[in-house]
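In what follows, a single structure is set out as structure tokens and then discussed.
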Amino acid sequence: MLRWIRQQLGLDPPHQSETRTVYVANRFPQHGHYIPQRFADNRIISSKYTIWNFVPKNLFEQFRRIANFYFLIIFLVQLMIDTPTSPVTSGLPLFFVITVTAIKQGYEDWLRHKADNEVNGAPVFVVRSGSLVQTRSKNIRVGDIVRVAKDETFPADLALLSSDRADGTCHITTASLDGETNLKTHYSVAETAVCQSVSRLEALQAVVECQQPDADLYRFVGRITVTHHGEEIVRPLGPENLLLRGARLKNTREIFGVAVYTGMESKMALNYKCKSQKRSAVEKSMNTFLIIYLAILLFEAILSTILKYAWQAEDKWDEPFYNQKTEQERNSSPILQFISDFLAFLVLYNFIIPISLYVTVEMQKFLGSFFIGWDLDLYHEESDQKAQVNTSDLNEELGQVEYVFTDKTGTLTENEMHFRECSINGTKYREINGKLVPEGMTGDSPDGSTPHLVAEELLFLKAVSLCHTVQISYDQPDCLVGGDPFSHTNGLSCNNMEYYASSPDEKALVEAAKRIGVAFSGISGDTMEIQTLGKSERYKLLHVLEFDANRRRMSVILQTPSGDKILFTKGAESAILPFATGGEIDKTRLHVDEFALKGLRTLVVACRHFSPEEYTDVDRCLNAARTALQQREERLQEAFSYVERDLQLLGATGVEDKLQDKVQETIEALRLAGIKVWVLTGDKHETAVSVSLSCGHFHRTMNILELLQQRSDNECAEQLRILARRIKEDHVIQHGLVVDGASLSLALREHEKLFMEVCKNCSAVLCCRMAPLQKAKVVRLLKTSPEKPITLAVGDGANDVSMIQEAHVGIGIMGREGRQAVRNSDYAIARFKFLAKLLLVHGHFYYIRIATLVQYFFYKNVCFITPQFLYQFFCLFSQQTLYDSVYLTLYNICFTSLPILVYSLFEQLVHPHVLQNKPGLYRDISKNSLLSFRTFLYWTLLGFCHAFVFFFGSYILMGEDTTLMGNGQMFGNWTFGTLVFTVMVITVTLKLALETHFWTWINHFVTWGSIAFYFVFSLFYGGIIWPFLHTQDMYFVFVQLLSSGSAWFAIIIIVITCLFPDVIKKVFYRHLQPTSTQKSQSVSAPQDQTLSCVESLCCYQHGQSGCSRMAHFLEHMTGQCRASADHHHHRRHTSGHGNRSWGDNDNFYSNDRSILTLSPMEVSHC
23 MLRWIRQQLG LDPPHQSETR TVYVANRFPQ HGHYIPQRFA DNRIISSKYT
73 IWNFVPKNLF EQFRRIANFY FLIIFLVQLM IDTPTSPVTS GLPLFFVITV
123 TAIKQGYEDW LRHKADNEVN GAPVFVVRSG SLVQTRSKNI RVGDIVRVAK
173 DETFPADLAL LSSDRADGTC HITTASLDGE TNLKTHYSVA ETAVCQSVSR
223 LEALQAVVEC QQPDADLYRF VGRITVTHHG EEIVRPLGPE NLLLRGARLK
273 NTREIFGVAV YTGMESKMAL NYKCKSQKRS AVEKSMNTFL IIYLAILLFE
323 AILSTILKYA WQAEDKWDEP FYNQKTEQER NSSPILQFIS DFLAFLVLYN
373 FIIPISLYVT VEMQKFLGSF FIGWDLDLYH EESDQKAQVN TSDLNEELGQ
423 VEYVFTDKTG TLTENEMHFR ECSINGTKYR EINGKLVPEG MTGDSPDGST
473 PHLVAEELLF LKAVSLCHTV QISYDQPDCL VGGDPFSHTN GLSCNNMEYY
523 ASSPDEKALV EAAKRIGVAF SGISGDTMEI QTLGKSERYK LLHVLEFDAN
573 RRRMSVILQT PSGDKILFTK GAESAILPFA TGGEIDKTRL HVDEFALKGL
623 RTLVVACRHF SPEEYTDVDR CLNAARTALQ QREERLQEAF SYVERDLQLL
673 GATGVEDKLQ DKVQETIEAL RLAGIKVWVL TGDKHETAVS VSLSCGHFHR
723 TMNILELLQQ RSDNECAEQL RILARRIKED HVIQHGLVVD GASLSLALRE
773 HEKLFMEVCK NCSAVLCCRM APLQKAKVVR LLKTSPEKPI TLAVGDGAND
823 VSMIQEAHVG IGIMGREGRQ AVRNSDYAIA RFKFLAKLLL VHGHFYYIRI
873 ATLVQYFFYK NVCFITPQFL YQFFCLFSQQ TLYDSVYLTL YNICFTSLPI
923 LVYSLFEQLV HPHVLQNKPG LYRDISKNSL LSFRTFLYWT LLGFCHAFVF
973 FFGSYILMGE DTTLMGNGQM FGNWTFGTLV FTVMVITVTL KLALETHFWT
1023 WINHFVTWGS IAFYFVFSLF YGGIIWPFLH TQDMYFVFVQ LLSSGSAWFA
1073 IIIIVITCLF PDVIKKVFYR HLQPTSTQKS QSVSAPQDQT LSCVESLCCY
1123 QHGQSGCSRM AHFLEHMTGQ CRASADHHHH RRHTSGHGNR SWGDNDNFYS
1173 NDRSILTLSP MEVSHC
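With the numbering used here as the guide, the letters of the sequence shown map in order to residues 23 to 1188.
Printed below as a string of structure tokens:
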């Protein structure tokens, strides 16, 4: 129980030792005092809260927000001292906001709990007491032997003991972990592979020693000690022996494995990503504005307190005859009295800080994010994938991007490889009709006979067919279970086989070799088989030297049918040519560069023949490194370097990676939108430049500057200065910069400023030969530069994750390289071309909506509280409130909240088509322009002006003559306050109506509905005596106010006085100084969707316009849409639509099926 409590509080100590010892089937040693190690249970917990900690933890998180904490303080002040308003006025909105947020977070967490319970309650089979027992997944303990059947997922991280195959292997897919759909082969050690029944497993005595849990999916270091007839046999365990939780068993009937990592210690759980903690520019602006308003609040409170005491300096005002002080008041401390008064004023004016702003913004972001998933233009039909939002906190940031960092392979290209050319022994070949044809010859064989391959060509093709990790899947599963695994090669039932590979390059090469005449036909245990021109050859696989990013090569050591030992290796030319001692090195290097210039991906192939003595030495060296428990990686690297030397060069391959659809148009659109595009890739420089030119990232007319192969700091600095000079001299031409990984390291170490200066003056930058962490460094460098630009990173593979997490906005491409990028991203899309719409349309809309939402909130709260401040000048600063407490409470919650929420979900300043066809409009909103200090000042001053008009308009009407009723009855202070409040609710609602460009029936409903609700509520509230209210100052006040014709006249006059100058300003600005966005509003949408923007969503079902008069009136008033009658009733067939970047025919998206347009109705229906 104590341990459980410590676990809940997070005080359970971490693992003490660096390794863990797992006794298979939990058979602990009998001798001595063995204390078992403590391990986590197999429960997966992705939830944030429990029943016990939900309330305190959630409240703590919510009160960390400055506005919530501030309102809590105000609420406590109201409870402690005698304040002018009831504590309910602060308490209720705070309670509402806290409750709504808690319900939302609680619901999300309940869904997580539900998912967890489903996973933890799944049935599994475990070997216990000599029999197979069914239990729940959460009951698996470390050391349990678990049975998993075909197509089931592994319930914990298991070390494979045996399978139904004699060789103890099994096939799995890890699609849910890293997205790779290929079959991977995993192995058991020979000593446990024979234990294929429960009884034999029960007799097995074995101990697994391995590293403590680690998040790296591809790393596992351990060893298994099997006691056989009293003798201990030690075997190494690596990633190929570990079956990860979440992976699925394929093509194998069943396996048995021992649980080594369970629950939250499994690799899948350790890879769970916390929700992104990125904050948007809008949120930062919002916090700045809150601090300014806090300063205004303090100023008003201090000024009011000082003026109160200045006023009370005169005796007649300090203690008038009708309000004598009590004894306690006379004797109280002046300082305490001053503080008490200051706090009272603070409470009176506290609504200038909008508490409901946070909850509205949160709802807007959460609901608004659904539009991205619903947008059919971002849906990819072939792969059946729609856009996905992983964090809704950054929607508006999509409208602020200044730099896009993109990966090349799989992001700009399809990651679908096709073999094109190769170089063998210094001769270039192409593949024509399944034959290798030397350069300069045609593919026509004179006698039509089977192709003849010379020895060098044959050895090269064998190397390609044998040096890989490709798996084969057959049409008929029976071929895999039992029988001769190579029976298909004898012309039996399974001729139809398909290759699966984790690397698309490998798959393309093995398929090409098969077409040319050397076909890889399967692997069984340690035997690989190939068909050379129809003749079967079997090779024994002795060692696999796995590929890694540092070595950039992979190798296999094989025993040939004749008994010789040979090493085949393939990798990047920089990783193999330096170690080659024989073969046509110079010619091959030349050919590799030629392939790269054509945009082909290059690999170099080499071999090494071992003498028996050499092989014995190599075998010993590799085995020693593989069984090491300490520093295994380092020792393996040393061993691999020792083996992969003195290579005989065989040749090189050139594989083409096709460009994705519409990449060129997308990059051009981003450039026109003022966004700089950087390509960061691991490819070699020639290939990267070639792809950059073909995808339009570099133009043919561009002056390409190079910073390559710099070896020292001084050399790098000198080169950077030369480049900076060239840019200054040729400032007319556009420049592109190419930089490689090694030079970049030097540039970032000492010469950051100089490097940044060169980069900023280049319109396109290409970084090649980049390591994953270097990509993140480049992003960080730009992020932290003095201008602090907003960055976006887009990639599709695990190597892009660090870059995606570093950028302000991370976008994952659902490609062929796995799901890691998608899991770690903020947004995920299926293709690079969708980026244009995501930024230019969705980003634009989200930013405009939230910018207006934030400013409007501050405006309506200034309108709300300034009359309260002005009223104090007319009531001797006695802290008398102008509005009733209920109005104070409901102003932000009910009367003015819905119209702005609906506006912030549906507003479209310009038609989506126009935004896409005119990327330049994106520049209008860049650099957070709608939330600049100038616009903030405009909205704040507007709020103050409107508040003065509300207050003094009402005062002029009622100040001199209060007998506004027909019977001579007088109006009181509550009637005056209610008049001000009524005018205010109507004006702020209509002000938003004036700002709205895109009217839907929902906008109409909430705008006019809010005003109607205010009137209905006030009549009910003031028309009935409510038994639970201890005072009812408002009884019959509202009814009396509305029964006065003068009051109605005042309401109309004041509302028009407030809004008319606004309309005039809009009209003048639109005609005299229109922005490019305003000019574009007059450009109609594409022909089939030409709609009046006001009418677009107020058409009834049968095509009758329900608000056409209103629409025409608003259009004439504000100039928001074209007002000509023809525009509403006839389709335009003119060719031009204003000044566009492309013609109509080359829209990115020929069929805009976006949910954003909400109503794709034709004009004729309207």
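Using N, Cα and C, we set each Cβ at its ideal position, and we do this for glycine too.
Exercise. Going by DSSP, which residues form a beta bridge with M792?
Worked result: As a first step, residue 792 must be located in the sequence shown, where it is residue number 770. None, per the DSSP bridge assignment.
For this session: In angstroms with no decimal places, state the Cα-to-Cα distance between S948 and V863.
Result: Along the sequence shown, one-based indexing puts residue 948 at 926. Along the sequence shown, one-based indexing puts residue 863 at 841. Looking at the two C-alpha atoms, the distance is approximately 13 Å.
For this session: Rounded to whole angstroms, what's the CA-CA distance from V282 to K206? Just pull it up for me.
Result: Here residue 282 corresponds to residue number 260 of the sequence shown, with the count starting at 1. Here residue 206 corresponds to residue number 184 of the sequence shown, with the count starting at 1. Cα to Cα, the separation comes out at about 20 Å.
For this session: Compare the C-alpha of L788 against each of S712, L814, E772 and P808 and name the closest.
Result: For the purposes of this step, residue 788 is taken as the residue at position 766 of the sequence shown. The candidate whose alpha carbon is nearest that of L788 is S712.
Problem set entry | Local conformation of R537 per DSSP, three classes | Along the sequence shown, read from residue 1 onward, the residue named residue 537 stands at position 515. Correct three-state label for R537: helix.
Exercise. Helix or strand or just coil, what does DSSP make of K1191?
Worked result: Lying outside 23 to 1188, the shown extent of the chain, residue 1191 is not represented and no answer is given.
Problem set entry | Local conformation of W74 per DSSP, three classes | Position 52 of the sequence shown holds residue 74. Here W74 sits in coil by DSSP.
Problem set entry | Residues of its chain near P145, where Cβ-Cβ distance is below 6 Å and the 5 sequence neighbours each way are ignored | On the sequence shown, position 123 is the one that residue 145 refers to. Answer for P145: Q156, listed in chain order.
Exercise. Beta-carbon separation of D189 and G547 under 8 Å?
Worked result: Reading the sequence shown from its first residue, position 167 is the one you call residue 189. Reading the sequence shown from its first residue, position 525 is the one you call residue 547. Yes, the Cβ-Cβ distance between D189 and G547 is below 8 Å.
Exercise. Among A628, K799 and V754, which residue has its Cα nearest to the Cα of A769?
Worked result: The residue you call residue 769 lines up with position 747 of the sequence shown. Nearest of A628, K799 and V754 to A769, Cα basis: K799.
Problem set entry | Beta-ladder partner(s) of V7, from DSSP | Nothing about residue 7 can be read from this structure; the chain reaches only from 23 to 1188.
For this session: Would you give the residue range spanned by the beta strand (DSSP E) that E551 belongs to?
Result: The residue given as residue 551 occupies position 529 in the sequence shown. Per DSSP, E551 belongs to the beta strand (DSSP E) from T549 to T554.
Exercise. Which residues bound the beta strand (DSSP E) around D179?
Worked result: For the purposes of this step, residue 179 is taken as residue 157 along the sequence shown, with counting starting at 1. Start and end: D179 to S185.
For this session: Whole angstroms is fine: what's the gap from N48's alpha carbon to V164's?
Result: Along the sequence shown, read from residue 1 onward, the residue named residue 48 stands at position 26. Along the sequence shown, read from residue 1 onward, the residue named residue 164 stands at position 142. Roughly 8 Å separates the two Cα atoms.
For this session: Report the option in L264, V220, D608 and F662 whose CA atom is closest to the CA atom of P235.
Result: Locating residue 235 in the sequence shown gives position 213, counting from the first residue. Nearest of L264, V220, D608 and F662 to P235, Cα basis: L264.
Problem set entry | Reduced DSSP category for K430 - H, G, I as helix; E, B as strand; rest coil | On the sequence shown, position 408 is the one that residue 430 refers to. It is coil, neither helix nor strand.
Problem set entry | Integer-rounded CB distance, given that Y893 should sit under 8 Å from L910 | As a position in the sequence shown, residue 910 is number 888, starting the count at 1. As a position in the sequence shown, residue 893 is number 871, starting the count at 1. So it is not a contact: roughly 13 Å between Cβ atoms.
For this session: Flag this pair as yes or no: are the beta carbons of T433 and D848 separated by less than 8 Å?
Result: Here residue 433 corresponds to residue number 411 of the sequence shown, with the count starting at 1. Here residue 848 corresponds to residue number 826 of the sequence shown, with the count starting at 1. Cβ distance not < 8 Å, so T433 and D848 don't count as in contact.
Problem set entry | Range of the contiguous alpha helix (DSSP H) that encloses A739 | As a first step, residue 739 must be located in the sequence shown, where it is residue number 717. It spans D735 to E751 - the alpha helix (DSSP H) in which A739 sits, taken as one unbroken run.
For this session: Compute the beta-carbon to beta-carbon distance between G448 and T610, rounded to the nearest angstrom, for a pair I have assumed lies under 8 Å.
Result: Your numbering for residue 448 matches position 426 in the sequence shown. Your numbering for residue 610 matches position 588 in the sequence shown. Rounded, the Cβ-Cβ distance is 7 Å, consistent with contact.
For this session: Quick one: measure Cβ to Cβ for A710 and C790, integer angstroms, because I've assumed they're closer than 8 Å.
Result: Here the question's residue 710 lines up with position 688 in the sequence shown. Here the question's residue 790 lines up with position 768 in the sequence shown. The Cβ separation is near 4 Å, so the contact holds.
Exercise. Nearest-angstrom Cα distance between N372 and N939?
Worked result: On the sequence shown, residue 372 is found 350 positions in, with the first residue counted as 1. On the sequence shown, residue 939 is found 917 positions in, with the first residue counted as 1. Cα to Cα, N372 sits roughly 46 Å from N939.
Exercise. Per DSSP, what kind of secondary structure is N725 in: helix, strand or coil?
Worked result: By one-based count along the sequence shown, residue 725 stands at place 703. In the structure shown, N725 sits in a strand (DSSP, three-state: E or B).
Exercise. For D679, which of S1098, L963, N437 and F854 has the nearest alpha-carbon?
Worked result: As a first step, residue 679 is located in the sequence shown; it is residue number 657 there, counting from the start. Taking only the C-alpha atoms, the option nearest D679 is N437.
Exercise. With contact counted as at least three CB pairs below 8 Å, one residue from each stretch, are the segment 283 to 290 and the segment 228 to 245 in contact?
Worked result: yes
Exercise. Tell me, which residues are paired with L898 by DSSP?
Worked result: Indexing the sequence shown from 1 puts residue 898 at position 876. None, per the DSSP bridge assignment.
Exercise. For R743, is the classification buried or exposed, using 16 other Cβ atoms within 10 angstroms of its Cβ as the cut-off for buried?
Worked result: Counted from its first residue, the sequence shown places residue 743 at position 721. A residue is called buried when at least 16 other Cβ atoms come within 10 angstroms of its Cβ; R743 does not meet this threshold and is exposed.
Exercise. What residues in its chain sit with their C-beta under 6 Å from that of D822, if we drop five residues either side in the sequence?
Worked result: Here the question's residue 822 lines up with position 800 in the sequence shown. D429 and A843, listed in sequence order.
Problem set entry | For M576, the residue or residues it bridges with in DSSP | Taking the first residue of the sequence shown as position 1, residue 576 is located at position 554. For M576, which the question treats as bridged, DSSP gives the partners K592.
For this session: Compute the Euclidean distance between the alpha carbons of I454 and T549, then round it to the nearest angstrom.
Result: The sequence position of residue 454 within the sequence shown is 432, counting from 1. The sequence position of residue 549 within the sequence shown is 527, counting from 1. Each residue's alpha carbon lies about 31 Å from the other.
Exercise. Looking at the structure shown, is Y869 part of a helix, part of a strand, or coil, going by DSSP?
Worked result: The residue given as residue 869 occupies position 847 in the sequence shown. Note: Y869 maps to helix in three-state DSSP.
Exercise. Per the contact definition of three or more C-beta pairs closer than 8 Å, is the segment 651 to 670 in contact with the segment 597 to 612?
Worked result: Contact between the segment 597 to 612 and the segment 651 to 670 is present, because at least three Cβ pairs lie under 8 Å.
Exercise. What's the gap between the Cα of I1194 and the Cα of F364?
Worked result: This structure cannot speak to residue 1194, because the chain is shown only from 23 to 1188.
Problem set entry | For E322, the nearest candidate out of F311, F367 and G285 (CA to CA) | Within the sequence shown, the letter at position 300 stands for residue 322. Residue F367 is the option with its Cα nearest to E322.
For this session: Please report the residue range of the alpha helix (DSSP H) in which E635 lies.
Result: Your numbering for residue 635 matches position 613 in the sequence shown. Annotation: the continuous alpha helix (DSSP H) that includes E635 extends over P634 to T649.
Exercise. Any idea which residues DSSP pairs I66 with across the strands?
Worked result: Here residue 66 refers to the residue found at position 44 of the sequence shown. Its beta-bridge partners do not exist; DSSP assigns none.
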